[in-house]
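Before any comments, here is the structure.
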Amino acid sequence: MTTEKTRRVGVVTNILAANDRVADENRRLFATKGLCVINLISSPGAGKTTLLEHTLPALAQRGIRAAVIVGDIATTRDADRLAVHDVPVVQICTEAFGGSCHLEASTIRMGMDQIDLDGVDLLFVENIGNLVCPAEFDLGERAKVALLSVTEGEDKPLKYPLAFQESDLGLITKIDLVPHLDFDMDALRENIETVNPKLPRIELSARRGTAMEAWLGWLEEQLAATRA
Amino acid sequence: MHEAAIAQGVIDEIQRLHDEGVWSGKLVEVRLRIGKLTAVVPDYLAFCFEAMTKDTALEGVDLSWEDVPVQGLCHACGETSQFDKIGFLCLSCGSPDVEISQGRELLIDSLEVSDDH
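So the protein lines, in turn, are chains G and U.
Per the working numbering, residue 41 is the first one in the first sequence, and the count goes up by one each step.
Per the working numbering, residue 361 is the first one in the second sequence, and the count goes up by one each step.
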């Protein structure tokens, strides 16, 4: 086929270097501001917004000022649900950016520009409902939290290992529904341990308030560590 | 399905490396290293790359890749295990204290360039 003489140029560069550079800039900005950023990752419907609906008032009671950047492919429904809690909420609809399935570091920066970061202690990023792609993109966050609802079945961690491998906390949500389901909690725990034996876990129900103290305590630890 | 974003990353990096003088001439092939523990399907990536470079200076550039197997270093016994399925317990001593040391790569390894005449 080709007879032209070619030469090989070794480069070894990260394909996502552009994203990672912006993520590093975000991280530096967050550090300067003492801002703790938590990236919530799950399938659609695992309960990210409901968790935040119950988390935001509890944080306000503790004197912690929160804000939310929420990503969806379309609609502002999640932002509308969260805005009633009187915290800054920025909705990012990725339709405008090509209907992407994940948030990137640069999209977070655009969202940040709409928030007075000096008035915020804890910034939640509610990623787009998707257990695959968001795990691949560094946003400059302090921690990733993978949510998994009991209605999704025990085998999700095995099917979507990267999200659980990359996360700093696993939240098992909607545990109030367990009595109504054919669901094996031990099997789920075992599957999470198979994928990431070191992943701390909290099993909670935001709607019933079960184990919310543990979740809030974890957030306070993250905030304290950010400012240490 | 975020392979389009990854393909755009490949294109952006190629451009940046060109702007920085790392390569010049006519680009023939891009070789990647893709870890097995990434959420990337290389065939989709190649498809996206081809579609996104059509009618650009990069049209016709071949995209090839080498799969990088998943390895983990055990902090308990110091051995390195290679994993071919999910479940990252040390294959020597069974400890869960295993740090993934390889398999998360998403790299451009090298470029095959011919000199323009």
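Ideal Cβ positions, reconstructed from N, Cα and C, are used throughout, including at glycine.
Predicted model, so just to flag it, every value in this text is computed and none were measured.
Within the same chain, Cβ atoms closer than 7 Å to the Cβ of glycine 87(G) are found at Leu187, Ser189, Thr213, Lys214 and Ala246, the five residues on either side in sequence being excluded.
Under the DSSP assignment, valine 127(G) falls outside any alpha helix (DSSP H); it carries neither an H nor an E label. Residues of chain G whose Cβ lies closer than 7 Å to the Cβ of serine 470(U) are, in chain order, Arg48, Val49, Gly50 and Val51.
For the 8 Å CB-CB criterion, glycine 249(G) and isoleucine 232(G) do not form a contact. With a 10 Å radius around the Cβ and a threshold of 16 neighbouring Cβ atoms, valine 235(G) comes out buried.
In this structure alanine 265(G) is exposed. Its beta-carbon is surrounded by fewer than 16 other beta-carbon atoms within 10 angstroms.
The alpha-carbon separation between cysteine 450(U) and cysteine 437(U) amounts to approximately 9 Å. Out of Arg67(G), Arg102(G) and Asn66(G), the CA that lies nearest to the CA of glycine 257(G) is found in Arg102(G). Considering only beta carbons, no part of the region 147-168 of chain G lies closer than 8 Å to chain U. Just so you know, the alpha carbons of leucine 122(G) and valine 129(G) end up roughly 7 Å apart. Taking a cut-off of 8 Å on C-beta distances, the region 153-161 of chain G does not touch the region 371-381 of chain U, as fewer than three cross pairs fall below it. Counting along the chain, tryptophan 425(U) sits inside the beta strand (DSSP E) bounded by residues 422-428. Chain G places no beta carbon closer than 8 Å to that of threonine 440(U), leaving this residue out of the contacts.
Cβ-Cβ distances below 6 Å link serine 441(U) to Gly432, Cys450 and Leu451 in the same chain, with the five nearest sequence neighbours on each side left out; the list follows chain order. Contact annotation: the region 192-203 of chain G does not touch the region 161-168 of chain G, with fewer than three C-beta pairs closer than 8 Å. At a cut-off of 8 Å between beta-carbon atoms, tryptophan 425(U) makes no contact with chain G.
A residue is called buried once 16 or more other Cβ atoms fall within 10 Å of its Cβ, and valine 124(G), having fewer, is exposed. The Cβ atoms of serine 384(U) and lysine 45(G) lie no closer than 8 Å to each other.
Under the DSSP assignment, glutamine 262(G) falls outside any beta strand (DSSP E), being part of the alpha helix (DSSP H) whose first and last residues are 252-267. Secondary structure at phenylalanine 204(G): helix, using DSSP grouped into helix, strand and coil.
Bridge partners of arginine 47(G) according to DSSP: Val473(U). At a cut-off of 8 Å between beta-carbon atoms, serine 461(U) makes no contact with chain G. For tryptophan 255(G), the closest C-alpha among the options Glu181(G), Pro240(G) and Ala114(G) is that of Pro240(G). With 16 or more other Cβ atoms from the protein chains shown falling within 10 Å of its own Cβ, threonine 95(G) counts as buried. Burial is judged here by how many other beta carbons sit within 10 angstroms of a residue's own beta carbon; glutamate 426(U) has fewer than 16 and is exposed.
Interface annotation, threonine 398(U): in contact with chain G, CB-CB separation under 8 Å. Using a Cβ-Cβ cut-off of 8 Å, lysine 196(G) does not count as an interface residue toward chain U, since no Cβ of chain U sits closer than that to its own.
Distance check between glycine 169(G) and each of Pro219(G), Asp112(G), Arg61(G) and Gly180(G) places Asp112(G) closest, using alpha-carbon atoms only. In the three-state reduction of the DSSP assignment, aspartate 372(U) falls in the helix class, which pools H, G and I. Interface flag for threonine 134(G) against chain U is unset, since no Cβ pair is found closer than 8 Å. The beta-bridge partner set that DSSP reports for lysine 386(U) consists of Ser474(U).
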